[in-house]
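K.L.:
Okay, so the sequence shown: first residue is 0 according to numbering that gives the first Met the number 0, each after it adds one. Yeah, the Cβ is synthetic: ideal placement off N, Cα and C, and Gly gets one too. This is the structure I want to talk about, given as C-alpha cells.
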Amino acid sequence: MQTPADRQDRHEYPAHWEADVVLRDGGTARIRPITVDDADRLVSFYEQVSDESKYYRFFAPYPRLSAKDVHRFTHHDFVDRVGLAATVGGEFIATVRYDRIGADGMPASGPADEAEVAFLVQDAHQGRGVASALLEHIAAVARERGIRRFAAEVLPANNRMIKVFTDAGYTQRRSFEDGVVRLEFGLEPTDRSLAVQRAREQRAEARSVRRLLAPGSVAVVGVGRVPGGVGRGVLGNIRDAGYPGRLHAVNSAFPAGLGEVDGVPAHRSVRDIEGPVDLAVVAVPAEQVPAVVAECGEHGVQGLVVLSAGYAESGPGGRERQRALVRAARAYGMRIIGPNAFGVINTAPDVRLNASLAPEMPRPGRIGMFAQSGAIGIALLSRLHRRGGGVTGVTGVSTFVSAGNRADVSGNDVLQYWYDDPDTDVVLMYLESIGNPRKFTRLARRTAAAKPLVVVQGTGTAPQGHAVRATRLPYATVSALLRQAGVIRVDTITELVDAGLLLARQPLPAGPRVAILGNSESLGVLTYDRCLAEGLRPARPVDLTTGATAEDFHRALSAALADDTCDCVVVTAIPAIGEASPGDAELAAALRSASAAVPGKPVLVVHVELGGLAEALSAAASTAPRAAGRPAGPEDGTGPAVGLAVRPPAAPAARTRTETDGAVPPAPPEGTRLIPAYPAAERAVRALSEAVKYARWRREATDPGKVPEYDDVDEKGAARLIGELLARGEGPTVPAAETCELLGKYGVHVRRALPAPTPDAAAEAARALGYPVALKATAPHLRHRADLGGVRLDLADEEQLRRAYAELAELFGRPEELRPVVQGMAPRGVDTVVRAVIDPAAGAVLSFGLAGAASELLGDMAHRLVPVTDREAASLVRAIRTAPLLFGWRGSTPVDTPALEELLLRVSRLVDDHPEVVEVVLEPAVVAPHGVSVLGATVRLAPPPARDDLGPRTLPAY
0 MQTPADRQDR HEYPAHWEAD VVLRDGGTAR IRPITVDDAD RLVSFYEQVS DESKYYRFFA
60 PYPRLSAKDV HRFTHHDFVD RVGLAATVGG EFIATVRYDR IGADGMPASG PADEAEVAFL
120 VQDAHQGRGV ASALLEHIAA VARERGIRRF AAEVLPANNR MIKVFTDAGY TQRRSFEDGV
180 VRLEFGLEPT DRSLAVQRAR EQRAEARSVR RLLAPGSVAV VGVGRVPGGV GRGVLGNIRD
240 AGYPGRLHAV NSAFPAGLGE VDGVPAHRSV RDIEGPVDLA VVAVPAEQVP AVVAECGEHG
300 VQGLVVLSAG YAESGPGGRE RQRALVRAAR AYGMRIIGPN AFGVINTAPD VRLNASLAPE
360 MPRPGRIGMF AQSGAIGIAL LSRLHRRGGG VTGVTGVSTF VSAGNRADVS GNDVLQYWYD
420 DPDTDVVLMY LESIGNPRKF TRLARRTAAA KPLVVVQGTG TAPQGHAVRA TRLPYATVSA
480 LLRQAGVIRV DTITELVDAG LLLARQPLPA GPRVAILGNS ESLGVLTYDR CLAEGLRPAR
540 PVDLTTGATA EDFHRALSAA LADDTCDCVV VTAIPAIGEA SPGDAELAAA LRSASAAVPG
600 KPVLVVHVEL GGLAEALSAA ASTAPRAAGR PAGPEDGTGP AVGLAVRPPA APAARTRTET
660 DGAVPPAPPE GTRLIPAYPA AERAVRALSE AVKYARWRRE ATDPGKVPEY DDVDEKGAAR
720 LIGELLARGE GPTVPAAETC ELLGKYGVHV RRALPAPTPD AAAEAARALG YPVALKATAP
780 HLRHRADLGG VRLDLADEEQ LRRAYAELAE LFGRPEELRP VVQGMAPRGV DTVVRAVIDP
840 AAGAVLSFGL AGAASELLGD MAHRLVPVTD REAASLVRAI RTAPLLFGWR GSTPVDTPAL
900 EELLLRVSRL VDDHPEVVEV VLEPAVVAPH GVSVLGATVR LAPPPARDDL GPRTLPAY
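This is how it looks when you write it as C-alpha cells:
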C-alpha cells in the first residue's frame, strides 16, 4: 500500500512560489520549492549545520542524512508535502517543510487541513530573519493548498525556533508533553500577524537601503586611466565630499603595479581588494556589468549603484539584460540602485557620501529627495540649491536617491528607510511611475502620519525602462487615492520645492484662517484672492502702507500671531521708497523677532523684486564667513529668495567646496526656525494650502474610524454561494437572481425587477409587484440612459403600462432588442452610483458619485481604498463636487446620508471579505429622505489571486 510519501509528484512545479525576500540585515535571499534536483545542495547544506542545530531539528544526534532522508526531503507532491529552501548564491541556507496530517497525527491528504512544519537554518545565517521569512511563505503555500493549521514540536531549549513561532502573530495554542513543546496555530492572517509582518518588512527594507546610503567602504568600478569619464568623475565626487570610509578605484585595464589613482588605492579587480567592500558604484559598459556583478558577489559586496546605461530604456534587448542583472545581484544577496542611475548622496556628517554624477555636494539639511531620472534629479537639486538647499543657507538635503530604471530599489524601499530616519523631516519624491500603487499607498499613509510626504506624480505613462504593474484606474483616481493616504500631491518641481521648504522649517497650521499684512495693498489683495481660490479663510489684508517701518512690520506680525482667530500669517513686501523705509536687514530682523515670540504658527513671506531682503533673509541663516574684502552678494549664497532664521546664527564652521565661491554654509543650528520667502503670492498660498490640508489629514488620521460589524452579514453563506457560482463556471458576470442573493447576504437589497418580454408579461409583472411601477429598457445601449427615453416612471395602472410599452417599442425596436423589465417604484430621491473594483495594481477601490452626467461626463467621483471605515464613508459622500445636492441644495429636502454611508460600508465589507468579487456596481442607488433603494446591480467574479497584499513579503519578480 502506498503512503503519501511514496506517491509521485501530483502537481507541476509551482513557479509562482518562487520569491526574492529582504532579510533582517538588509541582504536578500531567494525562496523556492525544493525539487529532486536539489539532492547535492541539500547534503552540502546539512554538512554545514552544527550538531546542536541538527539535534534541535531531529531531537537526537543526527550527523548525516541517509539516502532515504535525502529522497524524502527532495521528493514532494506540492500539495500534501511541500519543502521550501532559502538560497544565496544558489546554495541552501535554510529549509522548511510541511507534511499534511490527519486527526490521528498520521500522513493524510485533503480534506485534512492540518500539517506539521519544521525548519532548519544554517548556523552562519541564524539571526538574519530567514526562518521568519520562510514561515510567511510556507504559510501562504499551505493556505493555497487548503491547510488551515500548523503544528510544530520543538525542544524547550530551542528558544530561537519557539520565538519564531510565537512572534509571528498567529493565534496559538501551546502544550507540553514528554519533554516537547507542541505549538498549534491557525494560518489565517490576523491583525497582529499582519502588523508583525509589515514591521519586519519595514525594518528589513530600511536596512537594505541604509547599507547603500551609509557604507563603510566603497569601490568605484570603471575608473578611467586618464582624467574624465563617468567613473573617474564619481570617484572625485566621493573623495571631494570628504567621505571618511575606505575608497577604492577599480579598472581591469589598470597597468600592473599601479598603486593609486588621484590619491585613491587602485585595483584591477574587486577581488584584489583586501577587506570588505560595502558598496560598489558600477560605471562600465553594459556588456561588462555581469562580470563585475559576479566579482562583487563573490567578494561579499552588499549593494550596487549601477550608473551604466543600455538596459530597459534601450528596448527589448536591454530589458532582458536588466532582468539578468537583477537576478544575478539577488542571487548574491545584493540590492541594486539603477541601472541608468544618477547616483546617491548622504550629507550626514559621519558619512558625507556623494556617489553620484552631481559635481558638488548639496548643503546638509533635513529633506530627503527621490527621483527616478537623472534629469529630474539634477533639476530638483538645482531648485533646492537656489531656493535654500545650497549656498542660500535656508535648508538642505539629508539623503538623495536617483534610482534610474529602479529595477530593484524603488521609491517604496526608500520610503521604508525615511520613515524612521532621524535625519529626515520632509520627503520630496518625483515619481514618473508607481510600480506597486497598493504598497506605495500603504507605506505613504504610515510615513505621512510621521512626516510630510510631497509627491509629483507622473502622468501615468511609464518611461520605457520602468517595470510597472498594469492598472485599470484612471490617473485622477490614483491621485485621489494618494491624497487619501496623506500624500501632498503637487504638479510641478517648483511646487514640490515650495511645499518642501515650508514644511521643513515651519510648524503645521492649526487651521485655514490666514492673516495677511504688508506694505502693498494690491499685493495683499492678490494674496487674499489666491487664499479664497485655494479654499483658505483669509482675513482682510492689513495695509501698512509703503511708508511702513521695520517696527510697523514687527508690531503687525506680533499682533497677527497673537490673534486666536489666526492660524498662519502671510507677510507681503515690496521695495519701499523714502528715508523712513526700513533697510532689508532691519526688516528681516523685525520679522525674525516677531516670529520667534510665537513659534507655533507658520509665517511666510511674499516679496516682489526685493533682492536686498532676499539677501538679508539668507544671511540671517548663513554662518559661513565671507571672503575678505568682498561685499555680500549672490556669490555668498545671498541671491534669490529663501528664508530667514529665527535665532542668531552660530559661530562659523568648516567649509566645503561649491562651484561658485568654494564655500557652502554649514547646516543651520539645530532647532533654528526658518521663514520661507516666495517671489509670487500664488506660489506661497499654494504651498500654504497644501500644508493646511495635510495638517487636517494628520489630525483626522489620529482617529481613522472603524470598520463596523453588522449582525445580518452572512459571510459564510456568501462564500458558499461564490464557490458554487465559480464551480459552475458562472461568470465573470453573475446572473441577476444570484446577484441579488449574494448582495442580500450583506444586507444590500436590490429592488425586484421582473422581465417583460411582452405587454401581457409586463402587466402580469406589475400586478405581482403592485402599482405604481417603472418600465425600463435594459439593453446595453439603453441601460442607465433615462435621457434617451428608455425609462417610464410612475405608471399607475395597466393602461398606462401598456401605452408606455408600445411607445418604447415604437421608439427603440422589438422587445427582444429592448429587454424591458418592470420594477416597483422607489421613493423619490437623488440617483447615485456605487462601484467597487479590484485593480491588479492598486487593490480594492470603492468609488461613489451621482449617477448620470455628473460622474460620466464630468468625472465627479470620489474614491477610497477598501476596507473603508465609518469616517471614510462619511468623507466619501462629501468629497464629490455635487455633494450639496445630497444636503438640501437650494431648499431641496436633504436625503438620508447615514443610510447611504451604511450602503457604502456594506459593499466595502463584501469586497474585502471575498477577493473573488472583482467588481460590484450599484446603479442607480436612489437616496431618499428616508432610506436607500438599489434599483440596479452588477457583480463580477473571478478566482482570487494566488498572492495578494496579505501574502508574504516579496520583492518585485524578475
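1. Give the range of the beta strand (DSSP E) segment to which THR571 is assigned.
2. Return the first residue and the last residue of the alpha helix (DSSP H) that ILE161 is part of.
3. List, from N- to C-terminal side, the beta strand (DSSP E) runs of 3 residues or more that fit wholly inside the segment 790 to 814.
4. Would DSSP call ILE377 helix, strand or coil?
5. Please state whether DSSP places ASN353 in a helix, a strand or coil.
6. Would you call the CB atoms of ALA138 and LEU193 closer than 8 Å?
7. When the Cα atoms are used, what is the spatial distance from ASN518 to PRO598?
8. Could you compute how far the alpha carbon of ARG504 sits from the alpha carbon of ALA679?
9. Would the segment 739 to 748 count as touching the segment 705 to 718 if we require 3 or more Cβ pairs under 8 Å?
10. Classify LEU810 as buried or exposed, calling it buried when 16 or more other Cβ atoms lie within 10 Å of its own Cβ.
11. Could you spell out where the alpha helix (DSSP H) holding ASP239 opens and where it closes?
12. Any chance the segment 688 to 703 sits against the segment 531 to 538, with 3 or more Cβ pairs inside 8 Å?
13. Is there a Cβ from chain B that is less than 8 Å from the Cβ of ARG908?
14. Could you round the C-beta distance between VAL844 and LEU864 to whole angstroms and report it? I think they count as a contact, below 8 Å.
15. Please state if the CB of ALA941 and the CB of VAL917 are separated by a distance shorter than 8 Å.
16. Would you please state the rounded distance, in angstroms, between the beta carbons of VAL933 and VAL894? I believe it to be under 8 Å.
17. Can you give the Cα-Cα distance for ARG554 and THR868, rounded to whole angstroms?
18. For GLY788 and ALA773, I'd like the C-alpha separation in whole angstroms.
19. Keeping to the same chain, check which residues put their C-beta closer than 6 Å to that of ASP8; ignore five residues upstream and five downstream.
20. Looking only at C-alpha atoms, which of PRO436, VAL140 and PHE44 sits nearest to VAL69?
21. For a test of the three-state rule: what should DSSP assign to ALA509, helix, strand or coil?
22. Can the beta-carbon of ASP497 be found less than 8 Å from the beta-carbon of ALA686?
23. Give me the DSSP bridge partner(s) of ASN345.
24. Do you know how far the Cα of PHE847 is from the Cα of SER874?
25. According to DSSP, is GLY823 part of a helix, a strand, or is it coil?
26. Whole angstroms is fine: what's the gap from VAL906's alpha carbon to ARG782's?
27. For ALA572, count neighbouring Cβ atoms within 10 angstroms of its own Cβ and tell me buried if that reaches 16, exposed if not.
28. My parser needs the alpha helix (DSSP H) runs of 4 or more residues fully inside the segment 60 to 139; what are they?
29. The beta strand (DSSP E) with GLU187 in it runs from where to where?
30. By how many angstroms is the C-alpha of ASP422 removed from the C-alpha of GLY457?
31. Cβ atoms of LEU134 and ALA85: under 8 Å apart, would you say?
32. Specify, as a first and last residue, the run of the alpha helix (DSSP H) that SER854 falls within.
33. Work out the CA separation of LEU356 and ARG172 for me, nearest whole Å.
34. What do you reckon, are the CB atoms on GLY485 and ARG444 nearer than 8 Å?
35. Can the beta-carbon of ASP112 be found closer than 8 Å to that of GLY145?
36. Going straight from the alpha carbon of ILE433 to that of VAL400, what length do you get?
P.N.:
According to the data block:
1. 567 to 572
2. 158 to 165
3. 790 to 794
4. helix
5. strand
6. no
7. 23 Å
8. 19 Å
9. These segments touch.
10. The residue in question, LEU810, is exposed, as its Cβ has fewer than 16 Cβ neighbours within 10 Å.
11. Here the alpha helix (DSSP H) through ASP239 covers 229 to 239.
12. Because the criterion of three Cβ pairs below 8 Å is met, the segment 688 to 703 and the segment 531 to 538 touch.
13. Absent from the structure is chain B; it holds one protein chain and no more.
14. 6 Å
15. Yes. Within cutoff.
16. Wrong, their Cβ atoms sit about 14 Å apart, outside the cutoff.
17. 47 Å
18. 12 Å
19. At ASP8 the pLDDT is 48, less than 50, meaning the model places this residue with poor confidence; the figure from the coordinates comes in the next sentence. Closer than 6 Å at the Cβ level, and outside the excluded window around ASP8, lie ASP76.
20. PHE44
21. coil
22. yes
23. LEU352 and THR398
24. 11 Å
25. strand
26. 22 Å
27. buried
28. 66 to 73
29. Counted as a single uninterrupted DSSP element, the stretch harbouring GLU187 is not any beta strand (DSSP E), since DSSP gives it neither H nor E.
30. 27 Å
31. no
32. 852 to 855
33. 56 Å
34. yes
35. yes
36. The C-alpha of ILE433 lies about 16 Å from the C-alpha of VAL400.
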